[in-house]
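Enquirer: Residue numbers (my numbering): 162 to 476. Have a look at this one before I ask anything.
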Ligand code: G4P
């Protein structure tokens, strides 16, 4: 399975972002603290590194993320050149209030009336960019919504005399390499519900929860998780809640929906879907799978060439 969703307006957004990057001093990349790398757009990262722009990596929605995992991610990003990590939540005005100061530290030569500090806000849909803009400006300038890709046009707003904010449309990238990234994004609602089947997403989420947070499943649904797999967890949620379709069978769809909703709203607890270590392990597994696939393809091509050569010799 490879997940494709690159609506037409995304191409235009990418071009615009590339142009704006040239006139930017600091890039704020808004990530979802629960899945920082899966929610990091490699296109943005490439553009930024190419232009050598410093970056404030905001680990947003940290109110929903596991604080231990968030601390690990902050150290991970702070170790990178030209990067400051900032775990925060747009729900806390005091968190928002620190952002401009952190940006100024990344571009100390800017921020005077003749040379205003130009800040570009980027990030994939639904990580909280519009909410952040509104909080920074303390008034409503961008439409906030939980359906992906609500912010479609670019906005340029003076925060004060010395600081300009550039908001860009939520940017996705043409293809997500790892299936698990697509599933994490769908679980966290960065991908619309029609891009992936909710039930598949819920089973994936249940597997992550079994591995990392079985106690939260027990606490919320009273499940004894030992020996369970993802499907059994979703079924367990439905059975505990009595979700039945006509005829009495378990309503798997509703059970999946409730599990996802409880994760998205934070009702299940503070959960992170990845850590720097789990990310490294997934990447290594993915690289090994890709290698195996390439070797298989090469062996098939060699066998075909051999067969063709034999045919030629025989004729
Ligand atoms: P975007 O511009 O990047 O696409 O995202 P947007 O600001 O529209 O935010 C998407 C959803 O994420 C919104 O929820 C918003 O409230 C929520 N959100 C943003 N920042 C945070 C945060 O730090 N913590 C939490 N828990 N949620 C955050 P929504 O479902 O549309 O509804 P509502 O919360 O506004 O009612």
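We treat Cβ as the ideally placed atom computed from N, Cα and C, and that holds for glycine. These numbers come from a predicted model, not from an experiment.
Please determine whether the Cβ atom of residue 290 lies at a distance below 6 Å from any heavy atom of ligand 1.
Expert: Translated into positions along the chain shown, residue 290 becomes position 129. Yes, the Cβ of residue 290 comes within 6 Å of a heavy atom of ligand 1.
Enquirer: Express the C-alpha separation of residue 461 and residue 240 in angstroms, rounding to a whole number.
Expert: Working through the chain shown from its first residue, we reach residue 240 at position 79. Working through the chain shown from its first residue, we reach residue 461 at position 300. Computed Cα separation, rounded: 43 Å.
Enquirer: To the nearest angstrom, how far is it from the Cα of residue 186 to the Cα of residue 452?
Expert: Within the chain shown, numbered from 1, the residue matching residue 186 stands at position 25. Within the chain shown, numbered from 1, the residue matching residue 452 stands at position 291. Roughly 39 Å separates the two Cα atoms.
Enquirer: Do the stretch 251 to 271 and the stretch 200 to 212 make contact, defined as three or more Cβ pairs closer than 8 Å?
Expert: With the cut-off at 8 Å, the stretch 251 to 271 and the stretch 200 to 212 do not touch.
Enquirer: When the Cα of residue 209 is compared with those of 231, 243 and 263, which residue comes out closest?
Expert: On the chain shown, residue 209 is found 48 positions in, with the first residue counted as 1. Looking at the Cα atoms, 243 is the closest of the given residues.
Enquirer: Using the C-alpha atoms, what's the distance from residue 401 back to residue 416?
Expert: Position 255 of the chain shown holds residue 416. Position 240 of the chain shown holds residue 401. If you take the alpha carbons of residue 416 and residue 401, they lie about 10 Å apart.
Enquirer: Run through DSSP, which three-state label would residue 202 get?
Expert: The sequence position of residue 202 within the chain shown is 41, counting from 1. Coil at residue 202, not helix or strand.
Enquirer: Any idea if residue 275 is buried or exposed, counting beta-carbon neighbours within 10 angstroms, 16 or more meaning buried?
Expert: Counting from 1 along the chain shown, the entry for residue 275 is found at position 114. Residue 275 is exposed by the Cβ-count criterion.
Enquirer: Per DSSP, what are the beta-bridge partners of residue 246 in this structure?
Expert: Numbered from 1 along the chain shown, position 85 holds the residue referred to as residue 246. DSSP lists 218 as partners of residue 246.
Enquirer: Can you pull the DSSP bridge partners for residue 233?
Expert: Translated into positions along the chain shown, residue 233 becomes position 72. DSSP output for residue 233 lists no bridge partner at all.
Enquirer: Would residue 217 and residue 247 be called neighbours here (beta carbons separated by less than 7 Å)?
Expert: Walking along the chain shown from the start, residue 217 turns up at place 56. Walking along the chain shown from the start, residue 247 turns up at place 86. Yes, the pair counts as a contact, with Cβ atoms nearer than the cut-off.
Enquirer: Measuring only from the beta carbon, is residue 224 closer than 6 Å to any heavy atom that is part of ligand 1?
Expert: What you label residue 224 is simply residue 63 of the chain shown in a count that begins at 1. At least one heavy atom of ligand 1 is nearer than 6 Å to the Cβ of residue 224, so yes.
Enquirer: Can you tell me whether residue 251 sits near ligand 1, meaning its C-beta is under 6 Å from at least one heavy atom of the ligand?
Expert: By 1-based counting over the chain shown, the position of residue 251 is 90. Yes, Cβ of residue 251 sits closer than 6 Å to a heavy atom of ligand 1.
Enquirer: Should residue 197 be listed as close to ligand 1, given that the test is whether its C-beta is under 6 Å from any heavy atom?
Expert: For the purposes of this step, residue 197 is taken as residue 36 along the chain shown, with counting starting at 1. No, the Cβ of residue 197 stays beyond 6 Å of every heavy atom of ligand 1.
Enquirer: Give the straight-line distance between the Cα atoms of residue 190 and residue 418, rounded to the nearest whole angstrom.
Expert: Mapped onto the chain shown, residue 190 falls at position 29. Mapped onto the chain shown, residue 418 falls at position 257. So the alpha carbons of these two residues sit roughly 30 Å apart.
Enquirer: Does residue 313 come out as helix, strand or coil in the three-state DSSP assignment?
Expert: On the chain shown, position 152 is the one that residue 313 refers to. Note that residue 313 has pLDDT 45, beneath the 50 cutoff, so the model's placement of it is unreliable and the number below is only indicative. Of the three classes helix, strand and coil, the one that applies to residue 313 here is coil, per DSSP.
Enquirer: Check whether the Cβ of residue 221 lies closer than 6 Å to any heavy atom of ligand 1, and answer yes or no.
Expert: Counting from 1 along the chain shown, the entry for residue 221 is found at position 60. Checking the Cβ of residue 221 against ligand 1 gives yes.
Enquirer: Measure the C-alpha to C-alpha separation of residue 342 and residue 414 and round it to an integer number of angstroms.
Expert: Reading the chain shown from its first residue, position 181 is the one you call residue 342. Reading the chain shown from its first residue, position 253 is the one you call residue 414. If I take the Cα positions, the gap works out to 22 Å.
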